[in-house]
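Remarks on the structure that follows.
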Amino acid sequence: GAGVSQTPSNKVTEKGKYVELRCDPISGHTALYWYRQSLGQGPEFLIYFQGTGAADDSGLPNDRFFAVRPEGSVSTLKIQRTERGDSAVYLCASSPYGVAGGQGEQYFGPGTRLTVT
Amino acid sequence: AQSVTQPDIHITVSEGASLELRCNYSYGATPYLFWYVQSPGQGLQLLLKYFSGDTLVQGIKGFEAEFKRSQSSFNLRKPSVHWSDAAEYFCAVGARGGGNKLTFGTGTQLKVEL
Numbered sequence: 007g008a009g010v011s012q013t014p015s016n017k018v019t020e021k022g023k024y025v026e027l028r029c030d031p032i033s034g035h036t037a038l039y040w041y042r043q044s045l046g047q048g049p050e051f052l053i054y055f056q057g058t059g060a061a062d063d064s065g066l067p068n069d070r071f072f073a074v075r076p077e078g079s080v081s082t083l084k085i086q087r088t089e090r091g092d093s094a095v096y097l098c099a100s101s102p103y104g105v106a107g108g109q110g111e112q113y114f115g116p117g118t119r120l121t122v123t
Numbered sequence: 035a036q037s038v039t040q041p042d043i044h045i046t047v048s049e050g051a052s053l054e055l056r057c058n059y060s061y062g063a064t065p066y067l068f069w070y071v072q073s074p075g076q077g078l079q080l081l082l083k084y085f086s087g088d089t090l091v092q093g094i095k096g097f098e099a100e101f102k103r104s105q106s107s108f109n110l111r112k113p114s115v116h117w118s119d120a121a122e123y124f125c126a127v128g129a130r131g132g133g134n135k136l137t138f139g140t141g142t143q144l145k146v147e148l
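First to last, the sequence lines map onto chains E and F. If you read the first sequence in my numbering, its first letter stands for residue 7, the second for the next number, and so on. If you read the second sequence in my numbering, its first letter stands for residue 35, the second for the next number, and so on.
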């Protein structure tokens, strides 16, 4: 079946611009996660959705970052007033398990490489 | 707060040799533990996971890992490495009941010499 998909695969933007990154999770997966992977680092947690609501946004670095999942499926990560330090690969993952009793297996998309010039 | 340490940034092994990648974690209770592999331009692929029970876990592609609570370790092993195993390997710990968000190590880059 189809895995997690992310669009665009690459995004180049100028400093100060607004960007949106999209994630299509595996159909039926209730949990959706965003991570950010900087060069030479492991992925870092940004935000987690259970259904439509953001259950944990503790990893968002500041208020320029925002994410939504209005219908409990597709999610969009939004970055305002981009800075060069935002350049990274943004990974999305989905999981069929909920908060209670879940076993945390996450399936990752290929990522969106964001470059801020 | 949970954390993961992968002490080896780069490892080079000969094809056919055995492999062990180290992972140490910090977590207040029994963790969920994972190993993922990432090839250039690819997403993260789950190799194996530990939730509970048998501490020796078998995964895909001939990999296994052993959970050692006393050492806070979850080392990844393979008895005979193939050239196609060259990639970056990430160990991760998941928070039980906390949405299962993952904390990753910085990764180990594996090079395989033919």
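Positions of the beta carbon are idealized from the N, C-alpha and C atoms, including for glycine. This structure is a prediction, so every number in the text was calculated from the model and none was measured.
Does the Cβ of F/Q72 have 16 or more other Cβ atoms within 10 Å, making it buried, or fewer, making it exposed? Your numbering for residue 72 of chain F matches position 38 in the second sequence. Classification of F/Q72: buried, given that the 10 Å Cβ count is 16 or more.
Verify the CB distance criterion: does E/G115 have a CB-CB separation below 8 Å to chain F? Here residue 115 of chain E corresponds to residue number 109 of the first sequence, with the count starting at 1. Judged by the 8 Å Cβ criterion, E/G115 is in contact with chain F.
For F/T39 and F/T64, what's the separation of their Cα atoms in angstroms? Taking the second sequence and counting its residues from 1, the one referred to as residue 39 of chain F is at position 5. Taking the second sequence and counting its residues from 1, the one referred to as residue 64 of chain F is at position 30. Approximately 17 Å, taken between the alpha carbons.
Pick from F/F85, F/G139, F/T142 and F/W117: whose alpha carbon is nearest that of F/K102? Here residue 102 of chain F is taken as the residue at index 68 of the second sequence, counted from 1. With distances taken between Cα atoms, F/K102 lies closest to F/F85.
Listed in chain order, which residues of the stretch 47-66 of chain E have Cβ atoms closer than 8 Å to some Cβ of chain F? Q47, G48, P49, E50, F51, Y54, Q56, A61, D62 and G65
Here's a check: name, in chain order, each residue in its chain whose Cβ is nearer than 6 Å to the Cβ of E/A106, leaving out the five neighbours to either side. Stepping through the first sequence from its first residue, residue 106 of chain E is reached at position 100. Below a pLDDT of 50, predicted positions are generally treated as unreliable, and E/A106, at 49, falls in that range; the measurement from the model is reported next regardless. Correct list: empty, nothing qualifies.
Can you tell me whether E/D30 is helix, strand or coil according to DSSP? Position 24 of the first sequence, counting from 1, holds the residue named residue 30 of chain E. Correct three-state label for E/D30: strand.
Would you kindly work out how many angstroms separate the C-alpha atoms of E/T123 and F/A99, rounded to a whole number? The residue labelled residue 123 of chain E in the question sits at position 117 within the first sequence. The residue labelled residue 99 of chain F in the question sits at position 65 within the second sequence. C-alpha separation (whole angstroms): 41 Å.
Does any C-beta atom of chain E lie closer than 8 Å to the C-beta of F/T137? Numbered from 1 along the second sequence, position 103 holds the residue referred to as residue 137 of chain F. It does; some Cβ of chain E falls within 8 Å.
Cα separation between F/S52 and E/G59? Sequence index remark: in the second sequence, residue 52 of chain F carries index 18 (1-based). Sequence index remark: in the first sequence, residue 59 of chain E carries index 53 (1-based). Near 45 Å, if we compare the C-alpha coordinates of E/G59 and F/S52.
Taking C-beta to C-beta, are F/Y59 and F/F108 nearer than 8 Å? The sequence position of residue 59 of chain F within the second sequence is 25, counting from 1. The sequence position of residue 108 of chain F within the second sequence is 74, counting from 1. Contact: yes.
Same chain, Cβ closer than 7 Å to E/E89, neighbours up to 5 away in sequence not counted: As a working note, residue 89 of chain E is residue 83 in the first sequence. Contacts found: K21 and V122.
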